[in-house]
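All remarks here apply to the structure that follows.
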Amino acid sequence: MMNRNVVVVCLDTVRKDYFDRHASSLSLMSNVSFEQCRAASSWSVPSHASILTGELPHKHDVHTYSPNFSQLAFENTFLADLSDHRLIGVSANSYASQLFSFNKFFDDFSFISSSSRFPDALSPSEFFHDSPDQTSNVAYLRQALSHQKPVRSIINGISRKVSNIFAKTPVPKPYDDGCSAVLRETTTRIQDGEEPFFAFVNLMDAHGPLQTIRQYDQTLLNVPNTFDSRDLDVLSINMNEEWSEHETEFGYYKDLYAAAIDYLDRRVSEFVTQIRDMTERETTVLITSDHGEQLGNENPNRRFGHITPDLTEELLHVPLEVINPPEDGAIKSNELFSHLHLGELITSWALGRDFEPDSRPVGAEVVGIGVSNIPYDHEQFEHWDRTVRCVYADDGSKYVWDSNGNTDCSLVNGSPANMETKTPCQGRPEACNRPPFLIPIEEFAKSARSESQTVDIDERARARLADLGYM
0 MMNRNVVVVC
10 LDTVRKDYFD
20 RHASSLSLMS
30 NVSFEQCRAA
40 SSWSVPSHAS
50 ILTGELPHKH
60 DVHTYSPNFS
70 QLAFENTFLA
80 DLSDHRLIGV
90 SANSYASQLF
100 SFNKFFDDFS
110 FISSSSRFPD
120 ALSPSEFFHD
130 SPDQTSNVAY
140 LRQALSHQKP
150 VRSIINGISR
160 KVSNIFAKTP
170 VPKPYDDGCS
180 AVLRETTTRI
190 QDGEEPFFAF
200 VNLMDAHGPL
210 QTIRQYDQTL
220 LNVPNTFDSR
230 DLDVLSINMN
240 EEWSEHETEF
250 GYYKDLYAAA
260 IDYLDRRVSE
270 FVTQIRDMTE
280 RETTVLITSD
290 HGEQLGNENP
300 NRRFGHITPD
310 LTEELLHVPL
320 EVINPPEDGA
330 IKSNELFSHL
340 HLGELITSWA
350 LGRDFEPDSR
360 PVGAEVVGIG
370 VSNIPYDHEQ
380 FEHWDRTVRC
390 VYADDGSKYV
400 WDSNGNTDCS
410 LVNGSPANME
420 TKTPCQGRPE
430 ACNRPPFLIP
440 IEEFAKSARS
450 ESQTVDIDER
460 ARARLADLGY
470 M
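When the sequence shown is numbered by numbering that gives the first Met the number 0, its final residue is 470 and no position is left out of the sequence of numbers.
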């Protein structure tokens, strides 16, 4: 079997039930649906590392306290097996960019933020962050005109200005949060090089901050155009349980989240058709997400967003749709499938080999709070800084435990919104003491925290993260 092209489209922060409800075009295009796919962690940094390596955070060591990919060897990723493929990466996620050494895994990489439509031009967020005169548009224009890509640099500046203007006006923002630019850049990179290729594409439009966009289906929205989710202090809401004063905003956020997924569905389905028509080799496209989202629903452990150390089904149950798989690529798509096995699946199909799934139990792991400004001074910091693990048993049970000695058992009924609580675990369940976890949770929690002093997020990275609400 000839080597084939493979494209992975990561719809960042899109959970399974919302995808099923609002991504009808991609669902119709899909030939294989992994109905029980689980992410290996609950936010971008550790999840991306787990996809690349097939390992959990305690093994690959990329997590809250060590969020840089620089220490992750290329040879330890599935990409090392694709030596005959051109490796393309296009990302709108700051954490999955050159700012955190994510670009080193690819032959050809582009990072596109919502305020920089052209990655090869001057970045407004970096310029205004670094410039002594941060309010001077004239200074930016002067720098843009001297750049090797002056027109694109000016467009980047206009895009940032327009975004700021429309943030608080009763008019929807005129352009999306990077989807169009990312897909356009990916198409260009594919056209400009040889086949076979592997492409990894990260789209951040469903990731906060969210606001009304002109291209959204307005019938899905009951949201004032002046709403901007950057006004929600997600960390404070969760840590201080500030729920009652934000019920209306949670409703707005859910509407925007659904509309963003609907928009991604329309744009990505067009992209898939385009690249399949322009490639000479067979091209397989996988649609998935690095993690889901908690939407402030009322439950005993109410959460909003994905920055807290939780491993709920809202966060772990993600879509995995396959468009144009190999004809003889037989797989059991109704069984539990982990992102830990995704690299093996991609490699098998790219190289024309049979896929033999890993026999390890499906599990996930998260360390501490997934933010850059870690609140060390919070009175309950030890609780929020805990390490959490989970494993799925063959009988449908899900065991969850943390570094503070808490345990929980649930029966997973196949949907992020459909969990049935079982009898609480008494002590540590047997599942807690076997693979895929290679060291005790307390030991890993301690070693992860010890790395906190080594993390250095430079000012350039801080400017980019601020654009996406990470800071």
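Where is the CB? At the ideal position from N, CA and C, for every residue including glycine.
Predicted model, so just to flag it, every value in this text is computed and none were measured.
Alpha carbon of L315 to alpha carbon of T63, nearest angstrom: So the two alpha carbons sit approximately 17 Å from each other.
Grouping DSSP H, G and I as helix and E and B as strand, with all else coil, what is F380? If DSSP states are grouped into helix, strand and coil, F380 belongs with the helices.
Just verifying my parser: in three-state terms, what is the DSSP assignment at N201? DSSP, reduced to helix, strand and coil, places N201 within a strand of the structure shown.
Tell me the residue span of the beta strand (DSSP E) that contains T283. Residues 282-287.
Among all the DSSP beta bridges, which residues are the ones paired with T406? Bridge pairing for T406: W400 [DSSP].
Inter-residue spacing [alpha-carbon to alpha-carbon] between I440 and W348: Approximately 35 Å, taken between the alpha carbons.
T52 by DSSP, collapsed to three states: which one? Taken through DSSP and simplified to helix, strand or coil, T52 comes out as helix.
Beta-carbon proximity of V411 to E312, cut-off 8 Å: Annotated as proximal: V411 and E312, with beta-carbon spacing under 8 Å.
Residue environment, M203, which counts as buried when at least 16 other CB atoms sit within 10 Å: Residue burial annotation: M203 is buried, with at least 16 other C-beta atoms found within 10 angstroms of its C-beta.
Can you give the Cα-Cα distance for I306 and F73, rounded to whole angstroms? In this structure, the alpha-carbon of I306 lies about 27 Å from that of F73.
With distances taken Cα to Cα, identify the nearest neighbour of L27 among S243, A95, E320. Among S243, A95, E320, the Cα nearest to that of L27 belongs to E320.
Cα separation between Y391 and T278? Computed Cα separation, rounded: 39 Å.
Around the Cβ of D191, are there at least 16 other Cβ atoms within 10 angstroms (buried) or fewer (exposed)? Exposed is the label assigned to D191, since fewer than 16 other Cβ atoms lie within 10 Å of its Cβ.
Could you check what DSSP says for C36 in three-state terms: helix, strand or coil? Residue state, collapsed to three classes: strand.
Three or more C-beta pairs under 8 Å: does that hold for the stretch 13-33 against the stretch 256-274? Cβ pair count under 8 Å is three or more, so yes.
Which two residues bound the contiguous alpha helix (DSSP H) that contains E312? Bounds of the alpha helix (DSSP H) holding E312 are 312-315.
Taking the alpha-carbon of P360 as reference, which of G369, D393, E381, D230 has the nearest alpha-carbon? Of G369, D393, E381, D230, the smallest CA-CA separation from P360 is found for D393.
Count Cβ pairs between the stretch 364-371 and the stretch 382-389 that sit closer than 8 Å; are there 3 or more? Judged by Cβ distances under 8 Å, the stretch 364-371 makes contact with the stretch 382-389, as three or more pairs qualify.
Residue range of the alpha helix (DSSP H) that includes A258: Boundaries of the alpha helix (DSSP H) around A258: 246-277.
Can you name the start and end residues of the alpha helix (DSSP H) that L140 belongs to? Segment 136-145, the alpha helix (DSSP H) holding L140.
K445 to D176, Cα distance in whole Å? Approximately 38 Å between the Cα atoms of the pair.
Hey, would you say E343 sits closer than 8 Å to F336, going by beta carbons? No, the Cβ-Cβ distance between E343 and F336 is not below 8 Å.
Taking the C-alpha atoms as reference points, what is the distance between S235 and S82? Our two residues, S235 and S82, have alpha carbons roughly 46 Å apart in a direct line.
Cα-Cα separation, V13 to Q147: Each residue's CA atom was taken as its position, placing V13 and Q147 some 37 Å apart.
Q214 by DSSP, collapsed to three states: which one? It is coil, neither helix nor strand.
DSSP three-state label for N2, please. Three-state result, N2: coil.
Is the beta carbon of G395 within less than 7 Å of some heavy atom of the ligand COA? Inclusion of the ligand COA in the displayed structure is not the case, the ligand content being empty and no account of it being possible.
Assuming L344 is part of the alpha helix (DSSP H), what are its boundary residues? Element bounds for L344: 341-349.
Is there contact here, the stretch 94-101 with the stretch 41-49, by at least three beta-carbon pairs under 8 Å? In the pairwise beta carbon analysis, the stretch 94-101 is classified as touching the stretch 41-49: at least three pairs are separated by under 8 Å.
Same chain, Cβ closer than 8 Å to N67, five either side skipped, listed in chain order: Excluding residues within five positions, the ones whose Cβ falls inside 8 Å are V61, F99, S100, V454.
Beta strand (DSSP E) containing I373: first to last residue? No beta strand (DSSP E) holds I373; DSSP gives it neither H nor E.
Rounded to the nearest angstrom, what separates G376 and N237 at their Cα positions? Residue identity differs from the one stated: residue 376 is Asp in this sequence, not Gly. N237 has its alpha-carbon roughly 15 Å from the corresponding atom of D376.
Please state if the CB of R85 and the CB of F199 are separated by a distance shorter than 8 Å. In this structure, F199 sits away from R85, with a CB-CB distance that is not shorter than 8 Å.
Beta carbon of L285, beta carbon of V89: below 8 Å? Not in contact: L285 and V89 (Cβ atoms no closer than 8 Å).
Does the separation of the CB atoms of R280 and M1 fall below 8 Å? In contact: R280 and M1 (Cβ atoms closer than 8 Å).
Please tell me whether A57 and I373 are closer than 8 Å, where the distance is taken between their beta carbons. Here residue 57 turns out to be His, not Ala, going by the sequence shown. Cβ distance not < 8 Å, so H57 and I373 don't count as in contact.
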